[in-house]
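Protein chains in written order, with the numbering used here: chain A, 340 to 562; chain B, 99 to 525.
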Amino acid sequence: MILKAESISRKYPRLSANSNFFYAVKATDFEIKEGEVIAIMGRSGSGKTTFLNMLGGLLTPSEGKVTLDGTDIYSLSDNERSKLINSNIGIVPQGQSGIDSLTVTENILLPYCLYHKDNEADKYAKELIKFVGIEDIADCYPSQMSGGELRRMAIARALINRPGIILADEPTGDLDDESTRSVLELFRRLAQDKVAVLMVTHDELAGNYADCIYKMDAGTLTG
Amino acid sequence: MFLRMVKGALTRQKGKMVMIAFTILLGASLATAMLNIMFDVGDKVNQELKAYGANIIVKPKDNSVLEDLYEVDGEDEIQSSYLQENEIGKIKTIFWTYSIVDFAPFLETTADVNGTAVTVTGSWFNHHLSLPSGEELDAGIVGLRSWWDIEDGQWLDEKVNPDGIMVGTTLAQTLGIRAGDRITLTTDNASKNLLVVGIYNSGADDDDQMITNLDIVQELANTGDLISSIEVSALTSPDDELAQKAARDPMSLSVSEYEVWYCTAYVSSICYQIQEVIPDAVASPVRQVADSEGAIMEKTQLLMILITILSLLGSALGISNLVTASVMERSNEIGLLKAIGAKDGAVSSLVLTEILITAVIGGIAGYFVGYGFAQIIGKSVFDSSIEMKPIVIPIVSVLIILVTLAGSIPAIRMLLKMKPAEVLHGR
Ligand SMILES: Nc1ncnc2c1ncn2[C@@H]1O[C@H](COP(=O)(O)OP(=O)(O)OP(=O)(O)O)[C@@H](O)[C@H]1O
Ligand SMILES: [Mg+2]
Numbered sequence: 340m341i342l343k344a345e346s347i348s349r350k351y352p353r354l355s356a357n358s359n360f361f362y363a364v365k366a367t368d369f370e371i372k373e374g375e376v377i378a379i380m381g382r383s384g385s386g387k388t389t390f391l392n393m394l395g396g397l398l399t400p401s402e403g404k405v406t407l408d409g410t411d412i413y414s415l416s417d418n419e420r421s422k423l424i425n426s427n428i429g430i431v432p433q434g435q436s437g438i439d440s441l442t443v444t445e446n447i448l449l450p451y452c453l454y455h456k457d458n459e460a461d462k463y464a465k466e467l468i469k470f471v472g473i474e475d476i477a478d479c480y481p482s483q484m485s486g487g488e489l490r491r492m493a494i495a496r497a498l499i500n501r502p503g504i505i506l507a508d509e510p511t512g513d514l515d516d517e518s519t520r521s522v523l524e525l526f527r528r529l530a531q532d533k534v535a536v537l538m539v540t541h542d543e544l545a546g547n548y549a550d551c552i553y554k555m556d557a558g559t560l561t562g
Numbered sequence: 099m100f101l102r103m104v105k106g107a108l109t110r111q112k113g114k115m116v117m118i119a120f121t122i123l124l125g126a127s128l129a130t131a132m133l134n135i136m137f138d139v140g141d142k143v144n145q146e147l148k149a150y151g152a153n154i155i156v157k158p159k160d161n162s163v164l165e166d167l168y169e170v171d172g173e174d175e176i177q178s179s180y181l182q183e184n185e186i187g188k189i190k191t192i193f194w195t196y197s198i199v200d201f202a203p204f205l206e207t208t209a210d211v212n213g214t215a216v217t218v219t220g221s222w223f224n225h226h227l228s229l230p231s232g233e234e235l236d237a238g239i240v241g242l243r244s245w246w247d248i249e250d251g252q253w254l255d256e257k258v259n260p261d262g263i264m265v266g267t268t269l270a271q272t273l274g275i276r277a278g279d280r281i282t283l284t285t286d287n288a289s290k291n292l293l294v295v296g297i298y299n300s301g302a303d304d305d306d307q308m309i310t311n312l313d314i315v316q317e318l319a320n321t322g323d324l325i326s327s328i329e330v331s332a333l334t335s336p337d338d339e340l341a342q343k344a345a346r347d348p349m350s351l352s353v354s355e356y357e358v359w360y361c362t363a364y365v366s367s368i369c370y371q372i373q374e375v376i377p378d379a380v381a382s383p384v385r386q387v388a389d390s391e392g393a394i395m396e397k398t399q400l401l402m403i404l405i406t407i408l409s410l411l412g413s414a415l416g417i418s419n420l421v422t423a424s425v426m427e428r429s430n431e432i433g434l435l436k437a438i439g440a441k442d443g444a445v446s447s448l449v450l451t452e453i454l455i456t457a458v459i460g461g462i463a464g465y466f467v468g469y470g471f472a473q474i475i476g477k478s479v480f481d482s483s484i485e486m487k488p489i490v491i492p493i494v495s496v497l498i499i500l501v502t503l504a505g506s507i508p509a510i511r512m513l514l515k516m517k518p519a520e521v522l523h524g525r
């Protein structure tokens with residue numbers, strides 16, 4: 340699976356001396372293939388999340404296009420794109436995310452349940468829960484969990500549909516060194532199973548696990 | 099899982115949902131009350147008009163003219179002329195005799211009961227007539243006032259209670275009279291000791307009067323065989339152009355028109371025929387009363403429809419604010435759902451299901467509150483209890499669902515416009 344960005348940029352309105360808007364991400368070419376683990380680092384506000392969201396089909400670029408195996412994802416209808424993202428791209432959002440009225444297990448199964456009525460993913464969900472180390476709280480609700488636990492839940496949720504692409508925005512943000520390592524190891528292993536992993540991170544450890552590291556600086560991505 | 103999310107949202111946003119339910123409750127209760135009253139009162143008036151079979155009133159000529167001139171109820175002040183009791187039977191000799199289903203004479207006077215002056219009406223109750231045609235008939239107010247509610251005792255039977263009397267409920271309360279009591283009526287001319295056979299509730303002015311056999315009032319008023327009016331109930335054909343033309347002036351009709359008119363059971367032709375057999379009487383339709391009552395009914399119904407519409411509009415506005423607020427409050431979850439690939443339709447149906455469940459609860463509660471409203475309004479405005487019409491339930495249900503959906507439109511539009519990246523932007 341190849342996820343490709345062709346000179347995508349994103350501008351936002353912001354009044355300054357010489358223009359009414361600024362570019363959060365400047366025209367960028369980018370490509371990630373199965374089996375690769377790529378890390379993006381950069382200062383806060385440099386445009387990492389914006390970039391990731393554009394790749395993940397969540398934010399329409401101001402210019403340029405994003406293709407998944409040749410399909411321009413922003414030319415699809417909303418429903419088609421939703422389905423495509425659901426089955427091919429696993430997204431770990433920055434910050435804490437979870438549906439408060441569902442248990443950890445249900446939250447993790449949610450992406451699967453959106454398009455399936457059966458419970459064939461239950462076993463895999465259990466494995467993921469065990470892997471990210473939250474089996475003790477599998478029946479708890481998000482409001483009862485710590486930041487790191489929520490983060491791990493979000494990772495498990497991103498993996499439930501066995502996507503070909505994983506876009507993780509600071510997946511190890513709230514985690515201790517040991518948990519960070521196990522998550523990074525997981526990503527590495529997934530890459531061996533032909534998954535493409537793109538993560539935004541501030542963690543120096545990531546360097547040991549990534550095939551290459553890009554730097555985002557004021558909307559410009561450099562290798 | 100869908101249902102658990104719905105349930106979760108309902109319980110977590112309890113306060114807001116209660117507000118939404120309450121908004122719907124208000125709308126539903128008003129709609130229920132208004133629609134029930136509208137249907138029920140409409141039915142009641144129709145029933146009364148039908149039961150109030152007397153659609154023709156026959157009065158002495160002079161009297162009728164005077165009343166029309168001064169627009170006063172002449173009975174007490176200017177009762178100067180009378181009809182003869184023995185002329186009543188002539189009504190059954192007209193061309194449209196078989197249209198005449200019931201009739202009764204009336205005569206009023208004032209008598210003293212234990213120091214209180216009361217209006218006493220004399221009439222027929224179930225007066226047996228053997229007509230020259232061989233027809234046997236019971237005429238009187240038992241048929242003409244069939245909607246009267248006998249609260250105590252029973253209808254007066256002329257053969258059983260020649261000295262019986264019936265008392266209106268208001269008067270009975272003032273005088274402390276009950277069925278089975280004996281009361282004495284005194285006038286300058288006579289004094290009568292009578293048995294109270296029944297207490298009636300007519301829902302009208304009659305309730306502060308008494309009614310007894312005609313001959314007793316004739317004796318009390320010392321009028322001999324005279325009566326002041328006759329009410330006639332006739333089956334009539336609805337008026338059309340010809341009837342209206344004839345009503346203005348029968349003489350303006352051509353001969354053939356006249357024939358058709360005369361041989362059709364229009365209320366005007368029956369009146370005309372009654373006047374032919376009782377020459378010194380004026381028979382006039384009381385349809386005007388019914389018509390104006392109908393017009394007032396129509397206006398009242400219009401008002402109620404207006405109130406219903408306005409209350410539902412109000413509900414829709416309230417709902418739209420509350421649902422929008424509820425969606426905004428949950429923009430994070432909605433963004434997340436979209437980010438993991440939920441279709442807009444799925445997210446919308448999630449929100450709509452929550453709101454509709456809330457609406458159903460509010461609507462059911464509103465129906466019962468509306469029932470209470472209807473009774474209160476019925477009692478205080480129309481002076482009768484309101485029967486709940488089953489038809490109102492589907493109508494109110496449909497209205498509530500429409501209002502809820504309409505009220506949810508702005509929130510759903512906002513929801514559709516939400517971009518996952520914006521609501522999920524690392525927060
Ligand atoms: N919806 C928006 N409207 C206007 N400006 C925005 C919007 N979203 C992001 N920005 C701006 O775009 C720039 C890049 O934001 P972005 O979230 O991509 O940064 P980031 O690199 O992910 O930062 P962090 O490491 O803190 O998460 C920031 O300056 C931010 O203020
Ligand atoms: Mg970010």
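Note that CB positions come from ideal geometry on N, CA and C, so glycine has one too.
- request: Give the single residue among Leu101/B, Ala129/B and Val116/B whose Cα lies nearest to the Cα of Ile489/B.
  value: Ala129/B
- prompt: Cβ atoms of Ile447/A and Ile499/A: under 8 Å apart, would you say?
  reply: yes
- prompt: Quick one: is Asn259/B buried, meaning 16 or more other Cβ sit within 10 Å of its Cβ, or exposed?
  reply: buried
- request: Consult DSSP for Ile176/B and reduce its assignment to one of helix, strand or coil.
  value: Only weak support is given to the placement of Ile176/B: the predicted model assigns it a pLDDT of 46, under 50, and the question is left unresolved by the model.
message: Threshold first: 4 residues or longer. Then list the alpha helix (DSSP H) segments lying entirely within the region 466-539 of chain A, N to C.
response: 486-498 and 516-531
- request: Could you name the residues of the same chain whose beta carbon sits closer than 7 Å to that of Lys69/B, not counting the 5 residues immediately before and after it, in chain order?
  value: Absent from the structure is residue 69/B, since the part of chain B shown begins at 99 and ends at 525.
message: I want to see whether chain A comes within less than 8 Å of Glu423/B, judged by CB atoms only; does it?
response: The amino acid occupying residue 423/B in the given sequence is Ala; Glu does not appear at that position. Chain A, which has no Cβ nearer than 8 Å to the Cβ of Ala423/B, makes this no.
field: Contact the region 410-423 of chain A vs the region 503-523 of chain A: 3+ CB pairs below 8 Å
entry: no
- prompt: Mind checking whether the beta-carbon of Asp508/A lies closer than 7 Å to any heavy atom of ligand 2?
  reply: yes
Under the three-state DSSP convention, the category Ser429/B falls into: helix
- prompt: At what residues does the alpha helix (DSSP H) containing Glu543/A begin and finish?
  reply: Premise fails: Glu543/A is in no alpha helix (DSSP H) and is neither H nor E.
message: Tell me the residue span of the beta strand (DSSP E) that contains Phe480/B.
response: Where Phe480/B is concerned, there is no enclosing beta strand (DSSP E), given that its DSSP letter is neither H nor E.
query: Is there at least one Cβ from chain A nearer than 8 Å to Glu485/B's Cβ?
result: no
query: Closest to Ile122/B by CA distance: which of Gly412/B, Ser482/B and Ala423/B is it?
result: Gly412/B
task: Identify every run of the alpha helix (DSSP H) within the region 185-248 of chain B, keeping only runs that are complete inside it and at least 4 residues long; order them along the chain.
output: 239-242
- request: Report yes or no: is there a C-beta of chain A within less than 8 Å of the C-beta of Met103/B?
  value: yes
- prompt: When the Cα atoms are used, what is the spatial distance from Ala509/B to Ile459/B?
  reply: 20 Å
- request: Determine contact between the region 460-479 of chain B and the region 447-462 of chain A, defined as no fewer than three beta-carbon pairs at a distance below 8 Å.
  value: no
- request: Quick one: using the 10 Å Cβ neighbour count with 16 as the cut-off for buried, is Ser418/B buried or exposed?
  value: buried
- request: Jot down the residue ranges of each uninterrupted alpha helix (DSSP H) in the region 402-455 of chain A, minimum 4 residues, whole runs only, in chain order.
  value: 417-427 and 443-452
message: Let me check understanding here. Comparing Cα to Cα, which of Ala545/A, Ser421/A, Pro432/A and Glu488/A lies closest to Thr442/A?
response: Glu488/A
- request: Determine the direct distance from the alpha carbon of Glu466/A to that of Ser401/A, and round the result to whole angstroms.
  value: 40 Å
message: Can you pull out the residues from the region 421-443 of chain A whose beta carbon lies closer than 7 Å to at least one beta carbon of chain C?
response: The chain inventory of the structure shown lacks chain C, comprising the protein chains A and B.
- request: Classify Ala215/B as buried or exposed, calling it buried when 16 or more other Cβ atoms lie within 10 Å of its own Cβ.
  value: exposed
- prompt: From which residue to which residue does the beta strand (DSSP E) around Leu283/B run?
  reply: Arg280 to Thr284
- prompt: In chain order, what residues of the same chain lie with their CB nearer than 6 Å to the CB of Lys436/B, ignoring the 5 residues before and after it?
  reply: Pro518
- request: Please list the residues of the region 420-444 of chain B that have a C-beta atom closer than 8 Å to any C-beta atom in chain A, keeping them in chain order.
  value: Asn430, Glu431, Leu434, Leu435, Lys436, Ala437, Ile438, Gly439, Ala440, Lys441, Asp442, Gly443 and Ala444
- prompt: Applying a beta-carbon distance threshold of less than 8 Å, which residues of chain B neighbour Glu488/A?
  reply: What Glu488/A touches in chain B: nothing, since even the nearest Cβ is about 17 Å away.
field: Tyr351/A Cβ short of 7 Å to ligand 1 heavy atom set
entry: yes
field: Proximal chain B residues relative to Asn418/A, where beta-carbon distance stays under 9 Å
entry: Lys441, Asp442 and Gly443
Alpha-carbon to alpha-carbon, Ala504/B and Gly434/A: 35 Å
message: Could you pull the DSSP bridge partners for Cys369/B from this structure?
response: None; Cys369/B has no bridge partner.
task: Within its chain, find whatever has a CB closer than 8 Å to the CB of Lys190/B; leave out the 5 residues flanking it on each side and keep chain order.
output: Ile198, Leu227, Leu229, Ser231, Glu233 and Leu235
- request: At 9 Å on the CB atoms, spell out the chain A contacts of Gly125/B, in chain order.
  value: Those within 9 Å of Gly125/B in chain A number zero; the least Cβ separation is about 28 Å.
- prompt: Looking only at DSSP bridge pairs, what is Tyr362/A linked to?
  reply: Lys350/A
- request: Please name the residue or residues paired with Ile263/B in a DSSP beta bridge.
  value: Val294/B and Thr310/B
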